[in-house]
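Residue numbers (my numbering): 293 to 856. Just so you know, even glycine gets a beta-carbon here, dropped at the ideal spot from N, CA and C. From a predicted model like this one, the values you see are computed outputs, not experimental measurements.
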Amino acid sequence: MRNPILCFIERSDLFCFFYLEKKKFLYGTAGFRGEASMLESTVFKAGIMAALRSLKTGLVVGLMITASHNPVSDNGVKIADPSGGMMTQDWEPFADSLALAPDPEHLVELIVQFAKKENIPFGGTQSAEILLGRDTRPSGEVLLEAAKKGIDAIIGSVAINMGILTTPQLHWMVRRRNMEMKASEFDYFALLSTSYRSLVDLIPAKTLTGTPDVKLTVDAANGVGGEKIKELSKLLTGLEIEVRNSGKVGEGTLNEKVGADYVQKEKFAPLGFGPRDVGTRCVSLDGDADRLVYFRVLPTDGRSVDLVDGDKILSLFALFIKEQLTILNKENGNESSEFPVKLGIVQTAYANGASTEYLKQLGLDVVFTPTGVKYLHEKALEYDIGIYFEANGHGTILFSEAFMPRLESKSAELSSVTPGSEQQKAVLRLLAVSTLINQAVGDALSGLLLVEAILQYLGWSIERWSELYRDLPSRQLKVSVADRNAIVTTNAETTVLKPSGLQELINYETAKYPKGRSFIRPSGTEDVIRVYAEASTQEGADSLAQAVAQHVDCFLGMIPPVKQ
Ligand code: G16
Numbered sequence: 293m294r295n296p297i298l299c300f301i302e303r304s305d306l307f308c309f310f311y312l313e314k315k316k317f318l319y320g321t322a323g324f325r326g327e328a329s330m331l332e333s334t335v336f337k338a339g340i341m342a343a344l345r346s347l348k349t350g351l352v353v354g355l356m357i358t359a360s361h362n363p364v365s366d367n368g369v370k371i372a373d374p375s376g377g378m379m380t381q382d383w384e385p386f387a388d389s390l391a392l393a394p395d396p397e398h399l400v401e402l403i404v405q406f407a408k409k410e411n412i413p414f415g416g417t418q419s420a421e422i423l424l425g426r427d428t429r430p431s432g433e434v435l436l437e438a439a440k441k442g443i444d445a446i447i448g449s450v451a452i453n454m455g456i457l458t459t460p461q462l463h464w465m466v467r468r469r470n471m472e473m474k475a476s477e478f479d480y481f482a483l484l485s486t487s488y489r490s491l492v493d494l495i496p497a498k499t500l501t502g503t504p505d506v507k508l509t510v511d512a513a514n515g516v517g518g519e520k521i522k523e524l525s526k527l528l529t530g531l532e533i534e535v536r537n538s539g540k541v542g543e544g545t546l547n548e549k550v551g552a553d554y555v556q557k558e559k560f561a562p563l564g565f566g567p568r569d570v571g572t573r574c575v576s577l578d579g580d581a582d583r584l585v586y587f588r589v590l591p592t593d594g595r596s597v598d599l600v601d602g603d604k605i606l607s608l609f610a611l612f613i614k615e616q617l618t619i620l621n622k623e624n625g626n627e628s629s630e631f632p633v634k635l636g637i638v639q640t641a642y643a644n645g646a647s648t649e650y651l652k653q654l655g656l657d658v659v660f661t662p663t664g665v666k667y668l669h670e671k672a673l674e675y676d677i678g679i680y681f682e683a684n685g686h687g688t689i690l691f692s693e694a695f696m697p698r699l700e701s702k703s704a705e706l707s708s709v710t711p712g713s714e715q716q717k718a719v720l721r722l723l724a725v726s727t728l729i730n731q732a733v734g735d736a737l738s739g740l741l742l743v744e745a746i747l748q749y750l751g752w753s754i755e756r757w758s759e760l761y762r763d764l765p766s767r768q769l770k771v772s773v774a775d776r777n778a779i780v781t782t783n784a785e786t787t788v789l790k791p792s793g794l795q796e797l798i799n800y801e802t803a804k805y806p807k808g809r810s811f812i813r814p815s816g817t818e819d820v821i822r823v824y825a826e827a828s829t830q831e832g833a834d835s836l837a838q839a840v841a842q843h844v845d846c847f848l849g850m851i852p853p854v855k856q
């Protein structure tokens, strides 16, 4: 019998994908992720999900094939909601149930039941449109075809292949399509470069004497960001970008001892960087260019780096935005609150304690969520301007829908009443930030341009920026366990609920170290438990992390902990 919702009932695809299924995955921190050769069937199901999401909302949805910072042998799939953000968390249990469906009959039953519960319209005028993107992983092409088949299986769905993109580009395109704005890759590059130019043109003449070096060296993790940043840099003036680890044949392997994840965790220069880079401002992207961390190679050994991580990027952004709001609220040199703005900062437990202290000293409202940009993004939306960053370099600045018209009308008012005033320039700077920085998701390319514009505005070198505060020494380890879901946490992942007794041991170890802090959490992108420790000395942080990792291992481990 033909099912009114599904085309595939009459076709062999569904059975074929189930036949191929070697492992079942769960929708984790950033979608389904794992060894690429095991993923075809899961990606096919993600295609079905994306089509249903588009039918339900009547809007364009995105589907990205990427495993971001994971090794090249892995891949993954995530769905972008019509807003351009991550797929609503309400649908994650459905994603998991599809992924776990034991056979084709159950899968069809699940879809039919869910469609009924969610009132998903089929067969009428409503059609689904899904933008597909993939990074440069060799397995991407096959998985993209699997996603297309999943989309084709739902009546009234159309898949549009946008080609090889960074993850943030696809999210940006989805958002713009739903806002009925120009959304091609060219439009993306054009908007970023013109917004960057507007910000740089608004730099007061006095700071230009202290302008930082125009040269920036980029480590593109041998991922998709390499070619994209080369394209973007053709439209930029006043910034000399050299790209290394760009992904060209012979340059190295994706994410192998290169990229933001490696530099942030190891605090070593990526391959291709060394003593010749001492004195230069360097930045590392991750494999799909949704994260960035800055660094400078230290002269001591030409290999260690002074890391300027997501926390410091966040601090720089917060400082700049706060300064513009202060200028805006200054009347004839005096403080006023004529234009009140709710500014909020969102971090996770991985944020270095020194960064949180610094942000609080600036008088900012700092809140915490569990790891995963989907949580941080949602929290940041509660503010007029919400700035969120994970220490690993994933973050952005959100300008709320309600706030943008206020900012625009303030700009119009000032341009007619006090054109050329400092207040008007501050508003123009905020408007330029709102178009430069990706409103859908963290984006290494737009984040990098904002950092560069702010450093020029402040007349700061990377050393000056790094001195904002001194990081507390920290260490991250990962422990391979039989079942990472055996760990259950609460309080934004800072307290272990299960297995019972483990949190008490973490507390006991932590108490031995001045400024000690430690937590554990199951990774949502790898089969491991992550361990984080902080203390007043590096030796203290290292030994606290080791002690906690050993307790995790005793409770549920398989293999000794490794540095991550
Ligand atoms: C993804 C998420 C990030 C998260 C990271 C690590 O990043 O988008 O929010 O911090 O995974 O997650 P976990 O510690 O759970 O493995 P990406 O850049 O890999 O997509």
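8 angstroms contact criterion, which residue i and residue j should meet: CB distance rounded
i: R573; j: Y554; result: Actually they are not in contact, since the Cβ atoms of R573 and Y554 sit about 18 angstroms apart, beyond 8 angstroms.
i: N644; j: E826; result: 7 angstroms
i: V335; j: V369; result: 5 angstroms
i: L584; j: A736; result: 4 angstroms
i: A803; j: V823; result: Wrong, their Cβ atoms sit about 17 angstroms apart, outside the cutoff.
i: G579; j: H463; result: That belief does not hold up - the Cβ atoms of G579 and H463 are roughly 16 angstroms apart, past 8 angstroms.
i: F310; j: D395; result: 6 angstroms
i: N514; j: E543; result: 6 angstroms
beta-carbon residue i near the ligand G16 non-hydrogen atom, thresh 8 angstroms
i: E477; result: no
i: A825; result: no
i: A672; result: no
i: N514; result: no
i: E818; result: yes
i: N684; result: yes
i: V665; result: yes
i: H361; result: yes
i: G320; result: yes
i: D936; result: What is shown of the chain runs 293 to 856, which leaves residue 936 out entirely.
i: R813; result: yes
i: D578; result: yes
i: R426; result: no
i: T688; result: no
i: R767; result: no
i: R583; result: yes
i: T459; result: yes
i: R429; result: no
i: R822; result: yes
Per DSSP, the bridge partner or partners of residue i
i: F368; result: It should be noted that the sequence gives Gly, not Phe, for residue 368. Answer is R325, bridged to G368.
i: V466; result: Beta-bridge pairing links V466 to no other residue.
i: Y824; result: Q768, F811
i: L596; result: Residue identity differs from the one stated: residue 596 is Ser in this sequence, not Leu. DSSP lists F560 as partners of S596.
i: K804; result: The partner list for K804 (beta bridge, DSSP) is empty, contrary to what the question assumes.
i: D511; result: R536, S576
i: S701; result: Partner(s): none; S701 has no beta bridge.
i: K790; result: V780
i: R426; result: I357, I456
i: F336; result: F336 is not bridged to any residue.
i: A248; result: No answer is possible for residue 248: the residues shown for the chain start at 293 and end at 856.
Any non-hydrogen atom of the ligand ADP within 8 angstroms of residue i CB
i: S810; result: Ligands displayed in this structure: the ligand G16; the ligand ADP is not among them.
The stretch 596 to 603 touching the stretch 611 to 620, judged by at least three CB pairs closer than 8 angstroms: Below 8 angstroms, too few C-beta pairs join the stretch 596 to 603 and the stretch 611 to 620 to call them touching: fewer than three.
Contact between the stretch 603 to 612 and the stretch 679 to 694 (3+ Cβ pairs under 8 angstroms): Touching, yes.
Stretch-stretch touch, CB-based, cutoff 8 angstroms, three pairs: the stretch 436 to 448 with the stretch 336 to 352: The stretch 436 to 448, when compared against the stretch 336 to 352, does touch it at the 8 angstroms Cβ threshold.
Touch test, the stretch 364 to 382 against the stretch 312 to 329, Cβ-Cβ under 8 angstroms, three pairs minimum: The count of Cβ pairs closer than 8 angstroms, one atom from the stretch 364 to 382 and one from the stretch 312 to 329, reaches three, so the stretches are in contact.
Segment contact, 8 angstroms Cβ cut-off, at least three pairs: the stretch 770 to 782 with the stretch 812 to 825: By the Cβ test, the stretch 770 to 782 is in contact with the stretch 812 to 825, since at least three Cβ pairs between them sit closer than 8 angstroms.
Sufficient close CB pairs (3 or more, under 8 angstroms) joining the stretch 427 to 437 to the stretch 394 to 412: No, the stretch 427 to 437 does not touch the stretch 394 to 412.
Touch test, the stretch 559 to 573 against the stretch 699 to 715, Cβ-Cβ under 8 angstroms, three pairs minimum: Contact annotation: the stretch 559 to 573 does not touch the stretch 699 to 715, with fewer than three C-beta pairs closer than 8 angstroms.
Contact the stretch 471 to 489 vs the stretch 541 to 553: 3+ CB pairs below 8 angstroms: No, because fewer than three Cβ pairs between the stretch 471 to 489 and the stretch 541 to 553 fall closer than 8 angstroms, the two stretches do not touch.
Given 8 angstroms, three or more beta-carbon pairs between the stretch 521 to 528 and the stretch 766 to 773: Output reads no: the stretch 766 to 773 does not touch the stretch 521 to 528.
contact_flag[the stretch 412 to 427, the stretch 459 to 476] where n(CB pairs < 8 angstroms) is 3 or more: Result yes; three or more Cβ-Cβ pairs closer than 8 angstroms.
contact_flag[the stretch 505 to 519, the stretch 534 to 543] where n(CB pairs < 8 angstroms) is 3 or more: At 8 angstroms Cβ cutoff, the stretches touch.
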